[in-house]
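Worksheet: one structure, shown below.
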Amino acid sequence: MLRARYLIPLVLFLVIAAFLAVGLTKDPSRVPSPLIGKPVPDFDLPRLEADAGRIGPAELQGEVWLLNIWATWCAGCREEHHVLMEAASRDGVRILGLDYKDERGAALRWLEQRGDPYFASAFDPEGRVGIDLGVYGVPETYVIDAEGIIRHKTIGPVSMEKLKREILPLVRRLQRGETS
Amino acid sequence: MTGVLRPILAFAFALCAAGPLIASETIREFDNAAEENRYRDLLEEIRCLVCQNESLASSGAELAQDLRSEVYRLVVVEDRSREEAIEFLTARYGDFVLYRPPMQPSTWLLWFGPAILLVLAGGIAVMIVRQRTDSRPLTAEEHERARRLLSSDDDGPET
Chain A
247 MLRARYLIPL VLFLVIAAFL AVGLTKDPSR VPSPLIGKPV PDFDLPRLEA
297 DAGRIGPAEL QGEVWLLNIW ATWCAGCREE HHVLMEAASR DGVRILGLDY
347 KDERGAALRW LEQRGDPYFA SAFDPEGRVG IDLGVYGVPE TYVIDAEGII
397 RHKTIGPVSM EKLKREILPL VRRLQRGETS
Chain B
3 MTGVLRPILA FAFALCAAGP LIASETIREF DNAAEENRYR DLLEEIRCLV
53 CQNESLASSG AELAQDLRSE VYRLVVVEDR SREEAIEFLT ARYGDFVLYR
103 PPMQPSTWLL WFGPAILLVL AGGIAVMIVR QRTDSRPLTA EEHERARRLL
153 SSDDDGPET
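Written out as structure tokens, the structure is:
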């Protein structure tokens, strides 16, 4: 009886420690997006190349594609650039780039010097479309299915591991028409 | 001494002087006090997702500036209600942007947890206090035992 009573603090400690340990493995800057499972917000933005017309999700109906929000001022974008290059060139993933709150000249130079993983680039200097997409930490990458529904969102740079383990398998599943 | 202090003071002064430059903020115009109140009230209610412990009103992040403009556009330019503005923001950023999360099954623990803990802790405290102040009179047997114990100890105080 007495023993059991002395065990209470230990049990309490272990329960609290377990909760804290789980908490430590989570990143508080990753907030779940309410947009997952919803249609991608429609937008119609000028292309990054001056006077090259406009681009928006409407043109991608029926395709599985990635939407990558990036900027030349963003360090994480530098980090994930080679991952996007590989996804586009080797795996043939269609990526629409959205240049967010950036300068046109700097962005064009970036793509010319480092390589251009995007089949098309949209230009959002004021970040208006960014707000509709709930962007708060550039880079962000969305997986969008053939019906235009957002299936997955990555906040922060896409690592090679994340691409191979999560994004590519999801893209392949969606391309086969599986919805889950 | 002054040789060491001077650059430090100069640096401190430079920091103070630079403050207003860093915090340059658009000056907003309002038609009436109600509009302004709605705007300011919302800024206090909304969390900046970049620096999560600051509200939109206090955050210096660029996204917070954009969202302040957005809130201004919603409640002042488009004259939308507070609820509509909150709906606009939660549809994009999720309930996490609200400092006061909505009441729903997933937040019940958050809302009622502290009260439940308080009641539990209070109950335990009452139990412990009751146990300690057990003032039941001793039975004759216990009296006898206590007397024997006390008298058997030669060094102890006399009763």
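For the protein sequence lines, the chains are A and B, in the order given.
All letters in the first sequence, in the order written, are residues 247 to 426 by this note's numbering.
All letters in the second sequence, in the order written, are residues 3 to 161 by this note's numbering.
Ideal placement from N, C-alpha and C gives every residue a C-beta, glycine not left out.
Cβ shell of residue 424 (chain A) (< 7 Å), same chain only, five flanking positions each side left out: Within the first sequence, the letter at position 178 stands for residue 424 (chain A). Within the same chain, residue 424 (chain A) has no close Cβ partners at all.
Which residue or residues does DSSP assign as beta-bridge partners of residue 48 (chain B)? By 1-based counting over the second sequence, the position of residue 48 (chain B) is 46. Beta bridge pairing from DSSP links residue 48 (chain B) with B:100.
Does the distance between the C-beta of residue 296 (chain A) and the nearest non-hydrogen atom of the ligand HEM fall short of 7 Å? As for the ligand HEM, it is missing from this structure, which has no ligand bound.
So which of A:346, A:400 and A:337 has the shortest CA-CA distance to residue 294 (chain A)? Taking the first sequence and counting its residues from 1, one reaches residue 294 (chain A) at position 48. With distances taken between Cα atoms, residue 294 (chain A) lies closest to A:346.
Can you find a C-beta in chain A that's less than 8 Å from the C-beta of residue 79 (chain B)? Reading the second sequence from its first residue, position 77 is the one you call residue 79 (chain B). Proximity of residue 79 (chain B) to chain A, defined by a Cβ-Cβ separation below 8 Å, is not satisfied.
With 8 Å as the threshold, decide whether the Cβ of residue 41 (chain B) is near any Cβ in chain A. Reading the second sequence from its first residue, position 39 is the one you call residue 41 (chain B). No - not a single Cβ of chain A is within 8 Å of the one on residue 41 (chain B).
Does residue 267 (chain A) come out as helix, strand or coil in the three-state DSSP assignment? As a working mapping, residue 267 (chain A) is identified with position 21 in the first sequence. Residue state, collapsed to three classes: helix.
Beta-carbon proximity list for residue 23 (chain B), same chain, < 7 Å, skipping 5 on both sides: Taking the second sequence and counting its residues from 1, the one referred to as residue 23 (chain B) is at position 21. Confidence at residue 23 (chain B) is low in this model, with a pLDDT of 44, below 50, so its placement is unreliable and the value that follows should be read with caution. Nothing listed; no residue qualifies.
Anything in chain A within Cβ reach of residue 92 (chain B), meaning under 9 Å, just list it in chain order. Working through the second sequence from its first residue, we reach residue 92 (chain B) at position 90. The contacting residues are 280.
Buried or exposed by the 16-neighbour rule on C-beta atoms within 10 Å, applied to residue 33 (chain B): Walking along the second sequence from the start, residue 33 (chain B) turns up at place 31. By the neighbour-count rule (16 or more Cβ atoms within 10 Å), residue 33 (chain B) is not buried but exposed.
For chain A, find out if any of its Cβ atoms is closer than 8 Å to the Cβ of residue 95 (chain B); answer yes or no. Residue 95 (chain B) sits at position 93 when you count from the first residue of the second sequence. Closer than 8 Å to the CB of residue 95 (chain B) there is at least one CB belonging to chain A.
Taking C-beta to C-beta, are residue 385 (chain A) and residue 315 (chain A) nearer than 8 Å? Taking the first sequence and counting its residues from 1, one reaches residue 385 (chain A) at position 139. Taking the first sequence and counting its residues from 1, one reaches residue 315 (chain A) at position 69. Yes, the pair counts as a contact, with Cβ atoms nearer than the cut-off.
By DSSP, does residue 59 (chain B) sit in helix, in strand, or in coil? As a position in the second sequence, residue 59 (chain B) is number 57, starting the count at 1. Residue 59 (chain B): coil per DSSP, three-state reduction.
Tell me, please, whether the region 373-389 of chain A touches the region 399-408 of chain A by the rule of three or more beta-carbon pairs shorter than 8 Å. Taking a contact to require three or more Cβ pairs closer than 8 Å, the region 373-389 of chain A and the region 399-408 of chain A qualify as touching.
Taking 8 Å as the threshold (beta carbon to beta carbon), is residue 380 (chain A) in contact with chain B? On the first sequence, residue 380 (chain A) is found 134 positions in, with the first residue counted as 1. Output row for residue 380 (chain A): interface = yes.
Hey, is the region 339-355 of chain A in contact with the region 303-313 of chain A, meaning 3+ C-beta pairs nearer than 8 Å? By the Cβ rule, the region 339-355 of chain A counts as touching the region 303-313 of chain A, because three or more pairs are nearer than 8 Å.
Do you know how far the Cα of residue 29 (chain B) is from the Cα of residue 79 (chain B)? As a position in the second sequence, residue 79 (chain B) is number 77, starting the count at 1. As a position in the second sequence, residue 29 (chain B) is number 27, starting the count at 1. Just so you know, the alpha carbons of residue 79 (chain B) and residue 29 (chain B) end up roughly 15 Å apart.
Three-state class that DSSP yields for residue 284 (chain A) in the structure shown: Counting from one through the first sequence, the residue named residue 284 (chain A) turns up at place 38. Annotated three-state conformation of residue 284 (chain A) is coil, per DSSP.
Taking Cβ to Cβ, would you say residue 44 (chain B) is nearer than 8 Å to residue 52 (chain B)? Walking along the second sequence from the start, residue 44 (chain B) turns up at place 42. Walking along the second sequence from the start, residue 52 (chain B) turns up at place 50. Their beta carbons are not under 8 Å apart, which means residue 44 (chain B) does not touch residue 52 (chain B) by this criterion.
Find the residues of chain A that neighbour residue 52 (chain B), judging by a C-beta separation of less than 8 Å, and give them in chain order. Position 50 of the second sequence, counting from 1, holds the residue named residue 52 (chain B). At a beta-carbon threshold of 8 Å, the residues of chain A lying near residue 52 (chain B) are 382 and 383, ordered along the chain.
Beta-carbon of residue 277 (chain A) versus every beta-carbon of chain B: anything under 8 Å? Within the first sequence, residue 277 (chain A) is the residue found at index 31, counting from 1. Taking 8 Å as the CB threshold, residue 277 (chain A) lines the interface with chain B.
Contact between the region 277-294 of chain A and the region 365-373 of chain A (3+ Cβ pairs under 8 Å): At 8 Å Cβ cutoff, the stretches touch.
Neighbouring residues, chain B, relative to residue 373 (chain A) (Cβ below 7 Å): As a first step, residue 373 (chain A) is located in the first sequence; it is residue number 127 there, counting from the start. Under the 7 Å cutoff, chain B gives 68.
I'd like to check one pair, residue 87 (chain B) with residue 99 (chain B): are the Cβ atoms closer than 8 Å? Mapped onto the second sequence, residue 99 (chain B) falls at position 97. Mapped onto the second sequence, residue 87 (chain B) falls at position 85. No Cβ-Cβ contact shorter than 8 Å links residue 99 (chain B) with residue 87 (chain B).
Can you tell me where the alpha helix (DSSP H) holding residue 74 (chain B) begins and where it ends? As a position in the second sequence, residue 74 (chain B) is number 72, starting the count at 1. Residue 74 (chain B) -> alpha helix (DSSP H) spans 64-74.
Residue 25 (chain B): buried (16+ other C-beta within 10 angstroms of its C-beta) or exposed? Indexing the second sequence from 1 puts residue 25 (chain B) at position 23. Because residue 25 (chain B) sits at a pLDDT of 47, beneath the cut-off of 50, its placement in the model cannot be relied upon, and the point is left open.
Would you say residue 56 (chain B) reaches chain A, if we count a Cβ-Cβ gap shorter than 8 Å as a contact? For the purposes of this step, residue 56 (chain B) is identified with residue 54 of the second sequence, where counting begins at 1. No - not a single Cβ of chain A is within 8 Å of the one on residue 56 (chain B).
Is the Cβ of residue 274 (chain A) closer than 8 Å to any Cβ of chain B? Taking the first sequence and counting its residues from 1, the one referred to as residue 274 (chain A) is at position 28. Closer than 8 Å: yes.
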